[in-house]
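S.K.: Following the numbering used here, the numbering of the sequence shown begins with 9 at its first residue and continues without gaps.
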Amino acid sequence: MSSDTLTAILFLIVVAITIGITFWASRQTRGAADYYAGGRSFSGFQNGMAISGDYMSAASFLGISGAIALYGYDGFLYSIGFLVAWLVALLLVAELLRNSGRYTMADQLAYRMKQRPVRTAAATSTVVVSIFYLLAQMVGAGALVALLLGASSDAAKNLTIAVVGLLMIFYVTVGGMKGTTWVQIVKAVLLMGGTILITILVLAEFNFNISDLLGSAAANTGKGDAFLQPGLRYGVDTTSKIDFLSLGLALVLGTAGLPHILIRFYTVPTARHARQSVLWAIGLIGAFYLMTLALGFGAAALLDTGPESKVATSAGNLASPLLAEEVGGGAGSTGGSILLALIGAVAFATILAVVAGLTLTSASSVAHDLYATVFKRGAASERDEVRVAKIAAFVIGGVAIALAIPAQSLNIAFLVALAFAVAASANLPSLIYNLFWRRFNTRGAVWAIYGGLIICVGLVFFSPVVSGTPTAMFPDHDWQWFPLSNPGIISIPAGFLLGWLGTVTSREPDTAERYTELEVRALTGAGAEQAVQH
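1) Jot down the residue ranges of each uninterrupted alpha helix (DSSP H) in the region 211-256, minimum 4 residues, whole runs only, in chain order.
2) Pull the bridge partners of PHE482 from the DSSP assignment, please.
3) At the level of alpha carbons, what is the spacing between THR313 and ILE462?
4) Just verifying my parser: in three-state terms, what is the DSSP assignment at LYS122?
5) Here's the rule: buried if 16 or more other CB atoms are within 10 angstroms of the residue's CB, otherwise exposed. What is LEU99?
6) Relative to the C-alpha of GLY52, which candidate in GLN488, TRP288, PHE504 has its C-alpha closest?
7) Classify ARG280 as buried or exposed, calling it buried when 16 or more other Cβ atoms lie within 10 Å of its own Cβ.
8) Using a threshold of 8 Å, state whether the C-beta atoms of GLY336 and LEU348 are closer than that.
9) Do you know how far the Cα of ASP484 is from the Cα of LEU423?
10) How far does the alpha helix (DSSP H) with ILE462 in it extend, from its first residue to its last?
11) For ARG124, which residues of its own chain have a beta-carbon under 6 Å away from its beta-carbon, when the five flanking residues on both sides are left out?
12) From TRP508 to ARG283, what does the alpha carbon distance come to, in whole angstroms?
13) Measure the beta-carbon distance from MET176 to LEU18 and round it to whole angstroms, keeping in mind my assumption that it falls under 8 Å.
14) Could you tell me if THR13 is buried or exposed, where buried requires 16 or more neighbouring beta carbons within 10 angstroms of its beta carbon?
15) Output the distance between the C-alpha atoms of TRP445 and ALA357, rounded to the nearest integer angstrom.
16) Under a Cβ-count criterion, where at least 16 other Cβ atoms within 10 Å of its own Cβ denotes burial, should ARG391 be classed as buried or exposed?
17) Is THR313 helix, strand or coil by DSSP?
18) Ordered along the chain, which non-local residues of its own chain (more than five positions away) have a Cβ less than 6 Å from that of ILE27?
19) Considering only residues of the same chain and omitting the five flanking positions on each side of LEU266, which have a CB-CB separation below 6 Å?
20) Would you mind reading off the limits of the alpha helix (DSSP H) that contains HIS268?
21) Under a Cβ-count criterion, where at least 16 other Cβ atoms within 10 Å of its own Cβ denotes burial, should ILE404 be classed as buried or exposed?
22) CB-CB under 7 Å to PRO238, same chain, minus the five flanking residues each way: which ones, in chain order?
23) Quick check on DSSP: helix, strand or coil for MET176?
24) Smallest Cα separation from ILE208: which of ASP251, TRP190, MET299, PHE90?
25) If distances are taken between C-alpha atoms only, which option among ALA307, ALA456, ILE413 comes closest to SER161?
26) Going by CA-CA distance only, name the one from ILE346, VAL319, ALA353, ALA307 that's closest to LEU331.
27) Which ranges would you report for the beta strand (DSSP E) in the region 351-436 if only whole runs of at least 3 residues count?
28) Out of CYS464, ALA97, LEU70, which has the shortest C-alpha to C-alpha gap to HIS268?
29) If you reduce the DSSP assignment to three classes, tell me which class ALA539 lands in.
30) DSSP three-state call for THR3: helix, strand or coil?
31) For ALA339, does the three-state DSSP call read helix, strand or coil?
32) What distance in whole Å lies between the Cβ atoms of GLY466 and LEU506, which are believed to be in contact at a cut-off of 8 Å?
33) Looking at the unbroken alpha helix (DSSP H) that takes in VAL96, where does it start and where does it end?
34) What is the DSSP secondary structure of MET299, counted as helix, strand or coil?
35) Whose C-alpha, out of PHE69, ASP251, LEU257, ALA456, is nearest the C-alpha of THR203?
36) Measuring only the C-alpha atoms, how far is THR30 from PHE50?
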């Protein structure tokens, strides 16, 4: 049996399992709490698995191992950034957000402020971050599936994107948060299992001697000791050093502001479970990113990573699948075909789980924040709210499909990094100020969110990522003047500055009493359920 056939069969098995889970979950989804937060019925371990399933996207699984295979030490810095980011989420956000919110990020922000402007701003930021992330996942799905199935035509890629879009709409509208969470748990199990298997097989090639693995990688790439030291990608000149610092800031601070990660804290019954969720997630994600060392350096040691190789021409995205084929016995072997199909199916499950979480987050924010609070002023019934969320999922899914098909030539890493940068620039300042600054008010929140969002997206539009370079989105045009690929080093401080400036220039009545109530709920969880319904 060919690897293409095996891959197709495993893809169908993964889809069948997730569809079955979704139908099962739909029978247990009865109200808004079930649809948005899974009835707050998940344990810390289950939610930790789901968080890791939500967080370890195709960019993590395929992109990081590819970056290590191509750039060695500098590629592994991505793993460090993604993992360290969880300490920020654990120490500053997880428990406090679970105690003081209900369904969305805006619940926590709007408690002591004017509901309509804050919820509108938060919903706008949520949808923008989610759309960028969705585009990255769906474009990646089109490229990956087409390559693994040997169908490189535009029609095949377009069909794959459409199928992924329809599946994510199905998961969200039918299964809600319960269905989406269980899909993410299954994906986490598949991803960890597949990664552990490939890691063991790679280490076995070098008799479990990591020194031999690193030495072979350095020698095979032809870069020698430089492959194991900083400087192949970053640190070449002053601009690249600043660019790396900017990227690091976005990665480390962006996680604590990603809407699809934040809403996962609402699916557990208590703050203790929220803390346990993050601890389990740190353990699982940490183990996974450590294994990316074996995957990345294993690909560098065992595969051709030269300028014309499949690894290099795919920007590293095919390093893990090709490595699986190699350690399974090589191209054309039964073992190689099975492992290639397995890793391809795991990558597909990864994409399905992440896009479902992103779509649910956006749909929840549109229904709960915009429809129920801004348009209906709190008078919408739970039934109507859930109905609007399902309609929003169709619309957002349709928009994502429509944008992803013509966006297949765009840089996926750029879209993911931009999502992190927007989250860190717009969402994090407002969340941190709201939790820890008594004077923070409506104008500060609105200025922080819109200001961080506009500055971040604006700087990227005028960066070399969009125009003026051979790898830009529009290589034949040149309107760049901002030299960095990631705007985090400018836009994140700007978000915090605008939040402060908006607050100190506002004459809004003092909200200190309301802050005291929020502080008590954030620290103890007392009365949080009733508070957010005001």
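Beta carbons are placed, not taken as given, at the ideal position from N, Cα and C, and that holds for glycine. These numbers were taken from a predicted model, which means no experiment stands behind them.
M.R.: Walking through what the data contain:
1) 218-229
2) SER475
3) 38 Å
4) coil
5) exposed
6) TRP288
7) exposed
8) yes
9) 20 Å
10) 450-469
11) Result list for ARG124: VAL382, in chain order.
12) 29 Å
13) Not really, about 19 Å apart at Cβ, beyond 8 Å.
14) exposed
15) 41 Å
16) exposed
17) Three-state result, THR313: coil.
18) none
19) ALA431
20) 267-270
21) buried
22) TYR81, ASP82
23) helix
24) ILE208 has its Cα closest to that of MET299, out of ASP251, TRP190, MET299, PHE90.
25) ILE413
26) ALA307
27) For the region 351-436, not a single whole beta strand (DSSP E) run of length 3 or above is found.
28) ALA97
29) Confidence at ALA539 is low in this model, with a pLDDT of 42, below 50, so its placement is unreliable and no value can be given for it.
30) Outside the shown range of the chain, which is 9 to 542, sits residue 3, and nothing can be said about it.
31) Here DSSP, grouped into helix, strand and coil, assigns ALA339 to coil.
32) 13 Å between Cβ atoms; not a contact.
33) Here the alpha helix (DSSP H) through VAL96 covers 81-96.
34) helix
35) PHE69
36) 16 Å
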